[in-house]
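Enquirer: Just passing along the structure, written as structure tokens.
2 protein chains.
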Amino acid sequence: MKIRTPSPDAISHLHALIGEAGPPADGVAPRYLAEPRDRYHGRAATVLRPRDTGEVAAIVGYCQGAGIGVIPYSGGTGLVGGQLVEDGPLPVILSLERMDRIRSVSAEDNAMVVEAGAILADVQAAAAEANRLFPLSLAAEGSARIGGNLATNAGGVQVLRYGTARELCLGIEAVLPDGSVHHGLKLLRKDNTGYDLRHLLIGAEGTLGVITAAALKLFPRPAETLTAMIAVPDPAAAVALLGRLRDRLGDGISGFELIGRLGLRFLAEHFPERRDPLESDPEWRVLMEIGAPPETGLAARAEAALAEAFEAGLATDGVLASSQAQAQAMWAIRETIPEANRLVGAIASHDIAVPIGSIAEFIERGRAAIAAVDPALRINCFGHIGDGNLHYNLFPPEGATKADFVHRREAGTAALHELAVSLGGTYSAEHGIGRAKLADLQRFGDPAKLAAMRAIKQALDPAGVMNPGAVLPAAVPDAPAEAGGAAAG
Amino acid sequence: MKIRTPSPDAISHLHALIGEAGPPADGVAPRYLAEPRDRYHGRAATVLRPRDTGEVAAIVGYCQGAGIGVIPYSGGTGLVGGQLVEDGPLPVILSLERMDRIRSVSAEDNAMVVEAGAILADVQAAAAEANRLFPLSLAAEGSARIGGNLATNAGGVQVLRYGTARELCLGIEAVLPDGSVHHGLKLLRKDNTGYDLRHLLIGAEGTLGVITAAALKLFPRPAETLTAMIAVPDPAAAVALLGRLRDRLGDGISGFELIGRLGLRFLAEHFPERRDPLESDPEWRVLMEIGAPPETGLAARAEAALAEAFEAGLATDGVLASSQAQAQAMWAIRETIPEANRLVGAIASHDIAVPIGSIAEFIERGRAAIAAVDPALRINCFGHIGDGNLHYNLFPPEGATKADFVHRREAGTAALHELAVSLGGTYSAEHGIGRAKLADLQRFGDPAKLAAMRAIKQALDPAGVMNPGAVLPAAVPDAPAEAGGAAAG
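Each protein sequence line maps, in turn, to chains G and Y.
Per our numbering, residue 1 is the first one in the first sequence, and the count goes up by one each step.
Per our numbering, residue 1001 is the first one in the second sequence, and the count goes up by one each step.
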């Protein structure tokens, strides 16, 4: 069976399943059909906002039977079009926003249980209230929801120490494509009882089911934290500096972000209140954060390690934050760069990763590859260098407009993705495939893996209703007829 | 299609695929058919020992077509019969022992690539040679092989800090049930490009394919390590002590093992050279290990934290190891307990986990549940309390023999598994399902998960040849005929 646009009867039936008379008179609110970069524009038959897992199961079960596409919708902050359908039959949007409860927090178990619609910042705050840390942290945390973070295996700025969303999840509750509910909210560190459905659904971007709740790992909050901004001679020195600091300071380094000079230029232009703490205006710098338990002499150890790094030529300038406010100001620089990029108008954004030992080579060869596409293009290279993950974005020359150079996007992106893959890396480190990188996955993906993915998708979602067209190409509709008529309604 | 015993022609063909004239004249060596506790006894048509991934692919592809069961065989140290087929059609054993190379170690990338047949201790040693730590550590590390560690998602004594085998694996190379090769040996911390086949195969116990190589995470080696044995008043105090030490010392605590008095009695009986460093002969004790970067004053911080714990009544006696030799002697006590258990003769062994906050309740109620089965039974309770994971083993009364009490196994095990699950826990924390816990998985498993597991197994292994009868019940054979005759041979 292939999916079809739902009939008016089917839409009414779906709203009735969640106790509503019908769809809102003014149609689908525009916020469900837009995304941060304004590159994709969604379409939908209606938006369903269930209040509990039973309602999610009823919706999904009905849609599986009727052949209606279901788009699980979380915070809407995804950057690869995973939450937006631009063509084909109209789907229904299943928004988890009403399921936003923190179900429980246990400091003793170092775990919490939250519903999928909980906003990431609220999850962090609930953990902090119990004197624990939930370390997932990213620029969109004020509006991103945990279900989407898990469905896309979000990364962010603390992966180096704590791992990606996948590694922070102990268990899930999920509605599978047939409408059955998988109850897997265990708080266990060890549980070897059959195939790990959790890890299959995490990162599947809503194509194998809907995560409705999650058990999350918590950590002790570091008693002391040290933040520093350090100018480095080049990216290779940044990698060497990280290696040296890890040898000296252990794995307490939770953030290690590379920032290029152009990012600071963009900030100066659009956010002049974000003042650069470094006077030397270096071409490359890193922002680092280190946490430690109490009474380990963190500041003295870090200063000694940095002094050695200066002597070894791995650092040329630097500022240690002397207050919480100064640390926040440093992080604000890093976290405002994506917004500044948007205001300047990137013609292409990337989310590559390579083994950390190949970062410097990627940056050098990437610059050459882009110059070959068009020497006028400007590069803003920044990102999570500690994870080997860079956001490597292309801009028109100063004074020119995005519209004049957007035709370079395809060639620029192809060159960078090719380069990353050739270095044993990836063209999607933390954003996922969505609909933006479907062709990349088909091109670069391991054929055996792609065949297994198709087999798994077919086995769990035979009608192909879950987020059709994301991650894997959608099946072609059989016929233009509407779904959910007499037979299914 | 259902699997069948291979014909002599099929066996010859399989050996020819790996350049051999035929099976050895003296049949299948007994070591492939036994397991550490001597509870299961395997059968096989032949043993195939391929030299490379291409040979593994050829074997698996042929068996998929011919309907011949394939048992991936690693170190043979599994405790749940996952590597042994006791009935049904004869399978072939596919041993990875000849594929034991360390392919590469990169200190800069904090990663290494090893073949599946590499012995765990050799993997650890290769990491150490590059001044890095591969933290997976368990009693059988001298003979267990990394492929089996991954297929069963092994745990061990450093999970508290570093995670299970699953969390230590960056990527895999694997032969899927259709004989295709999945090339996924990336060294990346972040790679969101489709369904995570790695995590599906890890923990699938060879039922969804054969892991042939793995990319593994490495860590900085702790500059300082502190080992201590601490007497505690009861298990609740052990859990409270861990919480307090984590608050004071951070997450550098890599091991936290509970040991009950009966374990020490068994050691005194069978390994008198393992001297108890505590004079107070406590009913309960913990063995702990803490690592730290250089110059953090670890010993002073640990002593202060322990002094507070003594004052709070969480500890009653204790010894800090003052040398590497003393630390090793403490660990030898913990690591010899399983062997002492075997010599004494356990009538039942368990591998339960509960959320750590429920550990004390499990131990108390478990004791009552076993007393209700038979008040004469003795309990040796020990294990990885920091992970909520206990090995809770039952013994006949002193002077009695195992044979006289083995009829209590079923009732004792049922009571303990029931109790663990009722506390939100598991009946298999780190050993897996194998064939020993098939009925438990069917009984306690989430129905939606079980249905998804069957669908995935059917989708990836339609002939059901990969480790048939492990994890999921084997299909019933169609007919007694032999496989691999004219059509397939």
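Heads up, the beta-carbon is just placed ideally off N, CA and C, and yes, glycines get one too.
In this text the structure is predicted, and so the values were computed from the model without any measurement.
Which word fits G/F395, buried or exposed, when buried means at least 16 other C-beta atoms lie within 10 angstroms of its C-beta?
Expert: buried
Enquirer: Quick check: the stretch 1275-1285 of chain Y against the stretch 229-244 of chain G, are there 3 or more CB pairs under 8 Å?
Expert: no
Enquirer: Pairs of beta-carbons, one from the stretch 1182-1192 of chain Y and one from the stretch 1257-1267 of chain Y, closer than 8 Å: are there three or more?
Expert: Contact annotation: the stretch 1182-1192 of chain Y does not touch the stretch 1257-1267 of chain Y, with fewer than three C-beta pairs closer than 8 Å.
Enquirer: Among all the DSSP beta bridges, which residues are the ones paired with Y/N1380?
Expert: Y/N1393
Enquirer: Taking 8 Å as the threshold (C-beta atoms), are Y/E1269 and Y/G1082 in contact?
Expert: no
Enquirer: So, are the CB atoms of G/I119 and G/R103 less than 8 Å apart?
Expert: no
Enquirer: Quick one: which chain G residues come within Cβ less than 9 Å of Y/I1433?
Expert: N192, T193, G194
Enquirer: Leaving aside the five residues before and after Y/I1385 along the sequence, list all residues of the same chain whose C-beta is less than 8 Å from its C-beta, in chain order.
Expert: P1235, A1238, V1239, L1242, F1256, E1257, L1258, V1286, I1356, I1359
Enquirer: So, under 8 Å CB-CB, Y/I1337 and Y/F1405 are touching, yes? Tell me the CB distance rounded to an integer number of Å.
Expert: Not really, about 20 Å apart at Cβ, beyond 8 Å.
Enquirer: Mind listing which residues of the stretch 445-456 of chain G have their C-beta closer than 8 Å to chain Y's C-betas, in chain order?
Expert: G445, D446, P447, A448, K449, L450, A451, A452, M453, A455, I456
Enquirer: With a cut-off of 8 Å, do at least 3 Cβ pairs link the stretch 1442-1460 of chain Y to the stretch 1092-1100 of chain Y?
Expert: no
Enquirer: Where do the ends of the alpha helix (DSSP H) carrying G/A415 lie?
Expert: 409-422
Enquirer: Can you give the Cα-Cα distance for G/A376 and G/D351, rounded to whole angstroms?
Expert: 22 Å
Enquirer: Would you list the residues sitting across from G/G318 in a DSSP beta bridge?
Expert: G/I230
Enquirer: Does the beta-carbon of G/L322 have 16 or more other beta-carbons within 10 angstroms, so that it is buried, or is it exposed?
Expert: As written in the sequence, residue 322 of chain G is Ser, which differs from the Leu given in the question. Result: exposed.
Enquirer: Tell me, please, which residues DSSP counts as bridged to Y/P1499.
Expert: Summary: the structure shown does not reach residue 1499 of chain Y, with chain Y confined to residues 1001 through 1489, and so no result is reported for it.
Enquirer: Relative to chain C, which residues along the stretch 1293-1326 of chain Y have a C-beta separation below 9 Å, given in chain order?
Expert: No chain C appears in the structure shown, which is made up of the protein chains G and Y.
Enquirer: Mark Y/D1196 as exposed unless 16 or more other C-beta atoms lie within 10 angstroms of its C-beta, in which case mark it buried.
Expert: Under this definition Y/D1196 is a buried residue.
Enquirer: When you compare only the Cα positions, how much space is there between Y/A1474 and Y/P1468?
Expert: 5 Å
Enquirer: Counting only C-beta atoms, is G/S137 closer than 8 Å to chain Y at any point?
Expert: Taking a beta-carbon distance threshold of 8 Å, G/S137 does not count as an interface residue toward chain Y.
Enquirer: Taking 8 Å as the threshold (C-beta atoms), are G/Y62 and G/L90 in contact?
Expert: Contact flag unset, no.
Enquirer: Is the shortest distance between the beta-carbon of Y/F1395 and the beta-carbons of chain G less than 8 Å?
Expert: Chain G contact via Cβ: absent.
Enquirer: Inspect the beta-carbon positions of Y/S1074 and G/T193 and report whether they are closer than 8 Å.
Expert: no
Enquirer: By the criterion of Cβ-Cβ separation under 7 Å, what are the contact partners of Y/D1251 in chain G?
Expert: Here the neighbours are F219, P220.
Enquirer: Taking Y/A1302 and Y/L1226 to be in contact with their CB atoms under 8 Å, please state how far apart those CB atoms are, rounded to whole angstroms.
Expert: Correct: roughly 5 Å between the Cβ atoms.
Enquirer: Measure the alpha-carbon distance for Y/A1459 versus Y/P1177 and round it to whole angstroms.
Expert: 10 Å
Enquirer: Determine which residues of the stretch 416-433 of chain G have a Cβ less than 7 Å from any Cβ of chain Y, and write them out in chain order.
Expert: G424, G425, T426, S428, A429, E430, H431, G432, I433
Enquirer: At what residue ranges does the stretch 1007-1065 of chain Y contain a whole run of the alpha helix (DSSP H), taking only runs of 4 or more?
Expert: 1008-1017
Enquirer: Compare the C-alpha of G/M330 against each of G/L267, G/T296, G/E35, G/E141 and name the closest.
Expert: G/L267
Enquirer: Can you tell me the Cα-Cα spacing of G/L79 and Y/I1211, whole angstroms?
Expert: 33 Å
Enquirer: Where G/H420 and G/A411 are concerned, what is the direct C-alpha to C-alpha distance, given to the nearest angstrom?
Expert: With the sequence shown as reference, residue 420 of chain G is identified as Ala, and His is not the correct amino acid for it. Straight-line Cα distance between these residues: approximately 14 Å.
Enquirer: Let me know the secondary structure DSSP gives G/A463 once reduced to three states.
Expert: coil
Enquirer: CA-CA distance, G/P480 and G/R4?
Expert: Reliability fails at G/P480, whose pLDDT of 49 lies under 50, so the model's placement of it is uncertain and the value that follows must be treated cautiously. Near 7 Å, if we compare the C-alpha coordinates of G/R4 and G/P480.
Enquirer: Can you list, in chain order, the stretches of the beta strand (DSSP E) that have 3 or more residues and sit fully within the stretch 168-222 of chain G?
Expert: 169-175, 181-184, 210-217
Enquirer: Would you verify that the beta carbon of G/H199 is, or is not, closer than 8 Å to some beta carbon of chain Y?
Expert: yes
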